[in-house]
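Down below is the structure, laid out as structure tokens.
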Amino acid sequence: MVVPELRPWRAAKPHVVRLADAVRPRLARAAAATKPQLARLARAGKPQVTQVTRSKTWQYTAGAATAGLALAAGVVTAAGPWDSSGQRTAERDRAVALGRAGGTDHGSAPGAPGRPRPAPSAGPVLTGLGGVSTVKSAPDGKALTDALTPLLKDPALGPRPAAAVIDVTTGRRLFGKASDAALTPASTTKVATAVAALSAMGADHRLTTRAALEPDTREVVLVGGGDPTLTARESTDGAASLRTLAAGTAAALADRGIREVTLSYDTTLYAGDEMHPIGVDSNLARVSPLMADEGRTNDSTSGPVERVPDPAADAARRFGDLLKSHGVKTTAPGPSKATTRAKTLAAVSSPPLSAVVERMLTNSDNDIAEALARQTAIATGNRADFAGAGKAISAQLRGLGLPLTGAAFKDGSGLNRAGRLTPGLLTALLAKAADPSHPELRPALTGLPVAGFTGTLTTRYTDGASGVVRAKTGTLSGVHTLAGTLVDEDGRLLAFAFMATGTDGTLPATTQKALDRVASALAACGCR
């Protein structure tokens, strides 16, 4: 599942050379160690289901060594924005189809005069997913403490940073510093939202927007289904299209001989206040089950931008304009509710939930996060408002056996400062997403930004662990968090969470660099 909003590979070419130079020694060791395990894995076929256990210190168990191999196959072959060779799966397949050699961005046919040679393919991203974890033991806890503790004392990380590191293969906690402290998580909340939504609805679930005709009234109701990726633009990049919906609706009306309608829109899928507790903010629109292009007022697809005051009314107005272009005259749209007697004229559906989750995580998309929180509430029979969504997320995670002591879910995006998570819960979420017995949760890993390459980590790790760290960022004024997975010097797959509060809000870049140094040190640490 390719995340629609990722930039083309061409934008990543400068990173490729840097990454290759940085990780070549590590990759050589990993490649030699991985071959026998992958051969056995190919013969083994289906992943082995692991048994989850608990301990008093929440040493979360993702599986035994054999399960680590099963995880290797599952994650490496998962259809995410990056494959195990560090390049987009689609770009790799295109290169093979065209018979071109070398890196991902092949600008010319082999032997073409006057063109530079193709750049070498990027080194494997997260090499530990290839089974290297069975070669050597996990890092020693004391050595890891000696390596990380001095870095966590950096004043840029505030007075009381908290951290947790676990071995994904065994679930054993390798390092902890206030790992059970419940702190403001900022956007790392989205990891919890992703896991809860995927567990409640499944990776193949789709969100549907439809147009319905009320009998005997010629009223057409645009019914919001909670799809935050619905677009009115000509280029959809795989998203559901308001243009397609309008064309289908107009055709269905023509079949009935109807050329003039009363246009309404239905937002009753959600309940409660549409306004996020932070108020009007460029980081998200009002939380509505009906919106087009996230209510953005420009052509952007991610990041902060001014939003329209009423996303549902705006989407309905644009839908009416599209109907008019097909010869259907409409009234100005107004709010309504489709009755059970209304007949669906046309419908469009979102990409599968797996792709929507990946887009949310890669771009730290707040609108998608809040929509998925509401959808989780609906799927579990809770009220589709902020409180009901928080209750639903908590219940889903509790049902997965995750450690929720101190956790508080006030929204799906992490923009609400009243939310609380612990480093221990964040690492447990990542381990659960890696558990071969829960393949539906895998997009919570494959959607994480890749250091130096994608999403919110594109411009970070310009030196250090570029291409090796895959993590969700979290940033509010005075709050910086980072949670994800990486591969250490010996190819061991680790999950980590670093949380800093009370930081200097005027120096966010300094705090981010301090967090990146901790993650880079962890990746570079054999620590035995």
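Residues 564 to 1091 in our numbering are what the sequence shown lists, from first letter to last. Beta carbons: idealized from backbone N, C-alpha and C, even for Gly. All values reported here derive from a predicted model rather than from experimental measurement.
In this structure the stretch 1035-1049 lies against the stretch 1075-1085, because at least three pairs of beta carbons, one per stretch, are closer than 8 Å. Relative to the Cα of Thr-794, the nearest Cα in the group Met-1062, Gly-858, Leu-816 belongs to Gly-858.
The secondary-structure analysis by DSSP pairs Val-754 with nothing; it has no beta-bridge partner. As the crow flies, the alpha-carbon of Pro-1006 is around 42 Å from that of Asp-818. In the DSSP annotation of this structure, the continuous segment of the beta strand (DSSP E) that includes Lys-1035 starts and ends at 1033-1039.
Look at Gly-897 here: in three-state DSSP terms it is strand. Under the three-state reduction of DSSP output, Phe-1061 falls in the strand class. The beta carbon of Thr-860 lies closer than 7 Å to those of Val-868, Glu-869, Arg-870, Val-871 in the same chain, with the five residues before and after it left out. The DSSP assignment places complete beta strand (DSSP E) segments of no fewer than 3 residues inside the stretch 973-1056 at 1033-1039, 1042-1050, in order along the chain. Inter-segment contact for the stretch 975-982 and the stretch 752-759 is present: three or more beta-carbon pairs are separated by less than 8 Å. In this structure Leu-1011 touches Ala-1034 by the C-beta definition: roughly 6 Å separates them, less than 8 Å.
In this structure, the straight-line span from the alpha carbon of His-889 to that of Ala-760 is close to 37 Å. Residue environment: Met-838 is assigned as exposed (fewer than 16 neighbouring CB atoms within 10 Å of its CB, all protein chains considered). Where Ile-729 is concerned, the enclosing beta strand (DSSP E) starts and stops at 725-730. Exclusion of the five residues before and after Pro-778 leaves Arg-904 as the residues of its chain whose Cβ lies within less than 6 Å of its Cβ. The residue from Ala-1072, Ala-940, Thr-1025, Cys-1088 with its alpha-carbon nearest to that of Gly-1054 is Cys-1088. Between Gly-1068 and Gly-1041, the gap from beta carbon to beta carbon is short of 9 Å. C-alpha of Thr-1066 to C-alpha of Gly-1037: approximately 13 Å in a straight line.
One Cα belongs to Leu-992, the other to Leu-826, and the distance between them is close to 44 Å.
Taking 9 Å as the cut-off, the Cβ atoms of Ala-726 and Leu-711 count as close. Boundaries of the alpha helix (DSSP H) harbouring Lys-1076: 1071-1086, taken from the DSSP string. The stretch 804-817 and the stretch 764-783 touch, with no fewer than 3 CB-CB distances between them shorter than 8 Å. Rounded to whole angstroms, the separation of the alpha carbons of Thr-1019 and Thr-1025 is 13 Å. For Arg-980, the CB contacts under 8 Å within the same chain, skipping 5 residues up- and downstream, are Thr-747, Leu-1039, Val-1042 in chain order. With a 10 Å radius around the Cβ and a threshold of 16 neighbouring Cβ atoms, Glu-797 comes out exposed.
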